[in-house]
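Student: Before I ask anything, here is the structure I am working with.
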Amino acid sequence: MVERTGATFPIGYGLKVPEDADKVGAYWEERRGIIHATNFTLDANKRVLQACFATGPIGRIAAVDALSSIRGTKKRKAQGGCSKFQD
Numbered sequence: 039m040v041e042r043t044g045a046t047f048p049i050g051y052g053l054k055v056p057e058d059a060d061k062v063g064a065y066w067e068e069r070r071g072i073i074h075a076t077n078f079t080l081d082a083n084k085r086v087l088q089a090c091f092a093t094g095p096i097g098r099i100a101a102v103d104a105l106s107s108i109r110g111t112k113k114r115k116a117q118g119g120c121s122k123f124q125d
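Mapped onto the working numbering, the consecutive letters of the sequence shown carry residue numbers 39 to 125.
Structure representation (structure tokens):
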């Protein structure tokens with residue numbers, strides 16, 4: 039998947055319902071056999087900084103919004119206002 043998207047980070051794809059959904063606490067739908075959108079922002083130590091769980095198309099994080107959030111967190115850290123984000 040990373041080769042197809044050009045992403046420089048791992049992407050979860052082809053997950054199993056319900057086993058993998060239950061591992062991350064994602065909402066899943068038995069009727070369609072799908073896991074609803076689940077987004078995580080991790081720090082360099084792979085700790086979850088933010089999580090977003092959607093049950094439909096509203097509330098999903100767009101890449102531009104995720105980048106904006108990460109940049110804001112880094113800026114606050116640089117200003118001494120946020121200690122949880124690791125480079």
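C-beta atoms are modelled at their ideal positions from N, C-alpha and C, and glycine is treated no differently.
Going by CA-CA distance only, name the one from Gly118, Gly63, Gly71 and Ala45 that's closest to Lys54.
Tutor: Cα-wise, what sits closest to Lys54 is Gly71.
Student: Name the two residues that bound the continuous alpha helix (DSSP H) containing Glu55.
Tutor: Looking at the sequence itself, residue 55 is Val, so the reference to Glu does not match. Here Val55 belongs to no alpha helix (DSSP H), and DSSP marks it neither H nor E.
Student: Grab me the residues of Asp125's own chain with a C-beta within less than 8 Å of its C-beta, minus the 5 sequence neighbours each way, in chain order.
Tutor: Bear in mind that the predicted position of Asp125 carries a pLDDT of just 49, short of 50, making it unreliable; the figure below should be weighed with that in mind. If we look at Asp125 and ignore the five residues flanking it on each side, its Cβ neighbours are Ala82 and Lys112.
Student: So, at 8 Å on beta carbons, what are the nonlocal neighbours of Thr93 in its own chain, with the 5 sequence-adjacent residues on each side left out?
Tutor: Result list for Thr93: Tyr65 and His74, in chain order.
Student: So, helix, strand or coil for Ala116, using DSSP?
Tutor: Note: Ala116 maps to helix in three-state DSSP.
Student: So the candidates are Lys115, Thr43, Gly63 and Pro56; which of them puts its Cα closest to the Cα of Asn77?
Tutor: Looking at the Cα atoms, Gly63 is the closest of the given residues.
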